[in-house]
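Take a look at the structure below.
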Amino acid sequence: MNEVVQQPAWMEGFVPGKNPGNPNWKKGVSGNPAGRPKGAAASKRERIARALNDDGPDVVRVVIDRALEGDMTAAGLVLSRLMPPVKAQSEPVQFSLDPELPIGKQIEAVLGAVAAGEVPPDVGQQIIAMIGTLSNVRKNEELEQRIIQLEAKEVN
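Residues 1 to 156 in full-length UniProt numbering are what the sequence shown spells out, letter by letter.
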């Protein structure tokens with residue numbers, strides 16, 4: 001990879017100049033050494049709070065009036081503040097699952113219930129995720145017990 005690259009004829013003899021950068025700014029020197037004035041952010045918040053206190057009720061009234069007149073954007077704004085977003089909820093399902101089975105067998109049982117149509121696929125996926133969480137908890141509990149046993153042996 002130590003090959004010398006030949007320059008095109010039009011670049012022969014060209015030597016790049018020193019990059020001058022911006023002569024107005026010195027490297028490593030702040031353009032604003034004093035920084036933001038103390039209280040500048042607080043005063044901005046206070047101005048906004050004052051404006052909301054002064055004009056807020058009037059703005060809300062105008063938005064509600066426009067919503068009542070049929071402005072769907074205003075209606076959406078009003079509804080988004082008044083009603084919580086609707087969350088998807090699954091219907092409860094019942095099928096047999098032995099929690100004492102090994103984790104792999106439990107997951108197979110859930111997959112069988114999904115395949116048989118007893119459980120919707122999205123609910124099956126949620127159940128499998130819960131089984132995975134249970135598996136992690138069991139692993140941690142087993143590891144904790146093993147550590148306690150090892151520490152007890154070490155003390156004796």
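For glycine and all other residues, C-beta sits at the position ideal for the given N, C-alpha and C.
Assuming residue i and residue j are in contact, meaning their beta carbons sit under 8 Å apart, how far apart are those beta carbons, in whole angstroms?
i: residue 162; j: Val78; result: As shown, the chain starts at 1 and ends at 156. That puts residue 162 outside it, with no answer to give.
i: Gly124; j: Val114; result: 4 Å
i: residue 157; j: Phe95; result: With the chain running from 1 to 156 in the structure shown, residue 157 is simply not present.
i: Pro120; j: Ser80; result: With a Cβ gap of about 29 Å, Pro120 and Ser80 do not count as contacting.
i: Val63; j: Ala51; result: Not a contact, Cβ separation roughly 16 Å.
For the candidate residues the options, whose alpha-carbon lies nearest to that of residue i?
i: Asp122; options: Pro92, Ile147, Arg50; result: Pro92
i: Ser135; options: Pro102, Ser30, Ala75; result: Pro102
i: Glu100; options: Arg138, Met72, Gly13; result: Arg138
i: Gln106; options: Lys87, Val86, Ile127, Ala88; result: Ile127
Checklist entry - Within the chosen definition, does the stretch 92-112 reach the stretch 126-144 through at least 3 CB pairs nearer than 8 Å? => result By the Cβ rule, the stretch 92-112 counts as touching the stretch 126-144, because three or more pairs are nearer than 8 Å.
Next on the checklist: I'd like to know if the stretch 30-37 and the stretch 46-56 are in contact, where contact means that at least 3 CB-CB pairs between them fall below 8 Å.
Outcome noted: No: the two stretches stay apart, fewer than three of their Cβ pairs being nearer than 8 Å.
Item to check | Ordered list of alpha helix (DSSP H) runs contained in the stretch 58-97, each at least 4 residues | outcome: Runs found: 72-82.
Next on the checklist: For a minimum of 4 consecutive residues, which ranges assigned as the alpha helix (DSSP H) are wholly contained in the stretch 93-129?
Outcome noted: The stretch 93-129 contains, as complete alpha helix (DSSP H) runs of 4+ residues, the segments 103-115 (chain order).
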